[in-house]
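Mapping the sequence shown onto the working numbering, position 29 (from 1) lands on 9, and the numbers just tick up by one. To start, the structure under review is shown below, and the notes come after it.
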Amino acid sequence: MKQSEIKELSVAELQEKLKEFKKSYADLKMANSISPLDNPIQLRSVRRTVARVATELTKRELQ
(Lines of atoms letter the chains of each structure in order from A and count residues from 1; the text may use other names and numbers.)
(Lines give C-alpha, C1' and ligand atoms only; values in the text may rest on other atoms or scores of the structure.)
Protein backbone atom coordinates (compact mmCIF):
# COMPACT_ATOMS: atom_id res chain seq x y z
CA MET A 1 0.00 0.00 0.00
CA LYS A 2 1.46 3.32 -1.07
CA GLN A 3 1.77 6.40 1.11
CA SER A 4 -0.58 8.33 -1.18
CA GLU A 5 -3.26 5.65 -0.69
CA ILE A 6 -2.80 5.74 3.07
CA LYS A 7 -3.23 9.52 3.24
CA GLU A 8 -6.64 9.27 1.58
CA LEU A 9 -8.08 6.94 4.24
CA SER A 10 -10.00 8.08 7.32
CA VAL A 11 -8.76 7.36 10.85
CA ALA A 12 -11.27 4.51 11.30
CA GLU A 13 -10.21 2.95 8.01
CA LEU A 14 -6.55 3.29 9.00
CA GLN A 15 -7.18 1.50 12.28
CA GLU A 16 -8.97 -1.30 10.44
CA LYS A 17 -6.16 -1.61 7.88
CA LEU A 18 -3.60 -1.68 10.69
CA LYS A 19 -5.39 -4.63 12.28
CA GLU A 20 -5.56 -6.44 8.95
CA PHE A 21 -1.89 -5.90 8.14
CA LYS A 22 -0.73 -6.90 11.63
CA LYS A 23 -2.73 -10.14 11.38
CA SER A 24 -1.36 -10.75 7.89
CA TYR A 25 2.20 -10.18 9.14
CA ALA A 26 1.72 -12.56 12.07
CA ASP A 27 0.32 -15.23 9.75
CA LEU A 28 3.20 -14.84 7.30
CA LYS A 29 5.74 -14.96 10.10
CA MET A 30 4.21 -18.15 11.46
CA ALA A 31 4.09 -19.75 8.01
CA ASN A 32 7.73 -18.80 7.44
CA SER A 33 8.83 -20.37 10.72
CA ILE A 34 7.10 -23.65 9.82
CA SER A 35 8.43 -23.84 6.28
CA PRO A 36 10.25 -21.16 4.28
CA LEU A 37 8.04 -18.91 2.18
CA ASP A 38 8.36 -18.89 -1.59
CA ASN A 39 8.76 -15.12 -1.43
CA PRO A 40 10.30 -14.02 1.91
CA ILE A 41 10.30 -10.41 0.71
CA GLN A 42 6.56 -10.43 1.55
CA LEU A 43 7.51 -10.26 5.24
CA ARG A 44 9.49 -7.06 4.72
CA SER A 45 6.79 -5.55 2.55
CA VAL A 46 3.98 -6.19 5.04
CA ARG A 47 6.12 -5.06 7.99
CA ARG A 48 6.86 -1.78 6.22
CA THR A 49 3.20 -1.28 5.36
CA VAL A 50 2.31 -1.75 9.04
CA ALA A 51 4.87 0.92 9.89
CA ARG A 52 3.49 3.31 7.26
CA VAL A 53 -0.08 2.97 8.53
CA ALA A 54 0.98 3.29 12.19
CA THR A 55 3.04 6.38 11.37
CA GLU A 56 0.12 8.02 9.60
CA LEU A 57 -2.17 7.30 12.57
CA THR A 58 0.32 8.81 15.00
CA LYS A 59 0.77 11.82 12.74
CA ARG A 60 -2.97 12.46 12.68
CA GLU A 61 -3.27 12.07 16.46
CA LEU A 62 -0.63 14.75 16.98
CA GLN A 63 -2.39 17.26 14.73
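Positions of the beta carbon are idealized from the N, C-alpha and C atoms, including for glycine. Keep in mind the model is a prediction, meaning the values are calculated, not measured.
Local conformation of residue i per DSSP, three classes
i           : result
residue 4   : helix
residue -5  : helix
residue 12  : helix
residue -12 : coil
residue -18 : coil
Anticipated Cβ contact below 8 Å, residue i with residue j, distance rounded
i           : j          : result
residue -17 : residue 32 : 6 Å
residue 2   : residue 30 : 6 Å
residue 51  : residue 5  : Any answer about residue 51 is impossible in this case: the structure gives the chain only from -19 up to 43.
Same chain, Cβ closer than 6 Å to residue i, five either side skipped, listed in chain order
i          : result
residue 37 : -6
residue 20 : none
Residues near residue i by beta carbon distance below 8 Å, same chain, minus five either side
i          : result
residue 44 : Lying outside -19 to 43, the shown extent of the chain, residue 44 is not represented and no answer is given.
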